[in-house]
Amino acid sequence: MGRGNREEEQAKSFATKLIHFEGAYDTATGASSVPLYQASTFHQADVEAGQTYDYTRSGNPTRQVLEDYIAQLEGGVRGFAFASGMAAISSAFMILSAGDHVICTEDVYGGTYRLLTTIMNRMNVETTFVDMTDLEQVKAALRPNTKAVFIETPSNPTLRITDIGAVVQWAKQHELLTMLDNTFMTPYHQRPIELGVDIVLHSATKFLGGHSDVLGGLAVVASEELGRRMKAIQNGMGNVLGIQDSWLLMRGMKTLKARMDAHEQGARRLAEWLAGRSDISAVYYPGLPNHPGRAIHEKQSKGYGAVVSFDVGSGKRAKRLMDKVTIPLVAVSLGAVESILSYPPLMSHAAMPKEVRAERGITDGILRYSVGLEDIEDIIADLDQALAE
742 MGRGNREEEQ AKSFATKLIH FEGAYDTATG ASSVPLYQAS TFHQADVEAG QTYDYTRSGN
802 PTRQVLEDYI AQLEGGVRGF AFASGMAAIS SAFMILSAGD HVICTEDVYG GTYRLLTTIM
862 NRMNVETTFV DMTDLEQVKA ALRPNTKAVF IETPSNPTLR ITDIGAVVQW AKQHELLTML
922 DNTFMTPYHQ RPIELGVDIV LHSATKFLGG HSDVLGGLAV VASEELGRRM KAIQNGMGNV
982 LGIQDSWLLM RGMKTLKARM DAHEQGARRL AEWLAGRSDI SAVYYPGLPN HPGRAIHEKQ
1042 SKGYGAVVSF DVGSGKRAKR LMDKVTIPLV AVSLGAVESI LSYPPLMSHA AMPKEVRAER
1102 GITDGILRYS VGLEDIEDII ADLDQALAE
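This is how it looks when you write it as structure tokens:
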């Protein structure tokens, strides 16, 4: 590595790694941020000898710093930056072939569900959705053609917890590829590669970017072989992250720890307040004492995150609340400095049929609150007035 050896880099704390990473400043000029190489192509002084960069779809110095950055944070071998979170997830699934079978978390993000049920199925890749909180259901879904397991924990939006280590151990016994969506926890709270996961995926649009101003996806692989395969897919499909967006994402990531600490402090307070109300049917947050899977989550994660989901009892009441709140954006997405209130049945999980949502606990009354950096007492006061009959 350019600034000290790899052992020294790994010894740094997470907070330090966020600020001091390879390429964080320009060695040629001393500039305090990564240069933007806003170029589509690169002059080749010797066409026979070749060079590191020739065309930005295949590689760009700015994007490369970001890819190395996320690989270091996740503890992986190689990172990849894509045009969106779904571009990263779909690229990971492109490792599979026609005739393969996937076992997937049942209450997975709606975009992933849509990909698997409307696109990958046409490519003759089958999926079985299971309650991954129950390892026996995962085992029962195994087929002779099963090739991969896709995990999302905490899941979206009901925040169910999967025992990553247990699923990975079983998957390795059957030589299955494991993929995990780490968007909610980020590498600050949860490091799946250290638990044996093969590919970690992020919608970097969310907490990593953190400012509702960039769209991006990241993937990190645990082996050189997977790295070669993912690189071929990224280059072949061409769904790479743009240079300006790569720079914006790195700028956002530098404050990840500080933001996540503040987000979580507010989220815990909000979850406790909601749990104390008699007019809320259910509250979903891993930090609550009665949350199913809390002990497992604490074993594999260092924090509880910033997303709180809660059920107000009916779709009518949920829509009235959305009309009355004044602080959060009522919008899709999450993980930003501003609070974002989302209605999964018509937003993140609209791609799921109503009956499928119901089976997964995604009721008409469920709301998902991504707690921002506003004063938490202002957030609570705003919700209190919006919940008033």
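Just add 741 to wherever you are in the sequence shown, counting from 1, and you've got this note's numbering.
A virtual CB, placed ideally from N, CA and C, is assigned to each residue, including glycine.
Identify which residue in the options has its Cα closest to the Cα of residue i.
i       : options                             : result
Ala812  : Pro1094, Ile1107, Val843 and Val961 : Val961
Gly1106 : Pro1086, Phe762 and Ile1121         : Pro1086
Met971  : Arg1058, Phe834 and Gln985          : Phe834
Glu815  : Pro1033, Ala765, Pro933 and Arg855  : Pro933
Ile902  : His915, Asp872, Glu877 and Thr887   : Asp872
Ala1122 : Asp848, Val1066 and Ser825          : Val1066
Pro1030 : Gly764, Phe762, Tyr794 and Glu1013  : Glu1013
Met827  : Gln792, Met861 and Tyr810           : Met861
What's the C-alpha gap between residue i and residue j?
i       : j       : result
Val775  : Val955  : 17 Å
Val1053 : Gln1126 : 14 Å
Ser831  : Val879  : 22 Å
Met1088 : Pro1069 : 15 Å
Ser1111 : Gln785  : 47 Å
Glu1130 : Leu1124 : 12 Å
Ala1003 : Asn801  : 34 Å
Arg744  : Ser838  : Bear in mind that a pLDDT of 41 at Arg744, under 50, signals an unreliable position, so the model cannot answer this.
Leu942  : Arg863  : 23 Å
Met742  : Gly951  : Caution is warranted here: a pLDDT of 41 is assigned to Met742, below 50, making its placement in the model unreliable, and no coordinate value can be reported.
Pro898  : Asp848  : 8 Å
His930  : Gly1046 : 8 Å
Thr927  : Gly993  : 13 Å
Gly1113 : Leu1075 : 9 Å
Val1048 : Asp875  : 23 Å
Gln805  : Asp904  : 32 Å
Ala881  : Phe870  : 11 Å
So, are the CB atoms of residue i and residue j less than 7 Å apart?
i       : j       : result
Ala973  : Gly958  : no
Phe705  : Glu808  : Outside the shown range of the chain (742 to 1130) lies residue 705, about which nothing can therefore be said.
Ser1050 : Tyr1025 : yes
Gly983  : Arg798  : no
Thr853  : Val890  : no
Val938  : Val908  : no
Leu900  : Pro1027 : yes
Any heavy atom of the ligand SAH closer than 6 Å to the Cβ of residue i?
i      : result
Val806 : The ligand content of the structure shown is nil, which means the ligand SAH is not present either.
Indicate whether the contact test is met: 3 or more Cβ pairs, each with one atom in the segment 1067-1082 and one in the segment 843-850, closer than 8 Å.
-> no
Mind the definition here: the segment 997-1011 touches the segment 750-769 only if three or more C-beta pairs lie below 8 Å; say whether that holds.
-> yes
Can we say the segment 915-934 touches the segment 888-898, given the rule of at least three CB pairs closer than 8 Å?
-> yes
4-residue-minimum alpha helix (DSSP H) runs that sit fully inside the segment 782-832, ordered along the chain = 802-815
Any chance you could list the beta strand (DSSP E) runs of at least 3 consecutive residues sitting entirely within the segment 1048-1078, in chain order?
-> 1048-1052
Just list the beta strand (DSSP E) runs in the segment 993-1034, keeping only unbroken ones of 3 residues or longer that don't cross its boundaries, in chain order.
-> 1023-1025
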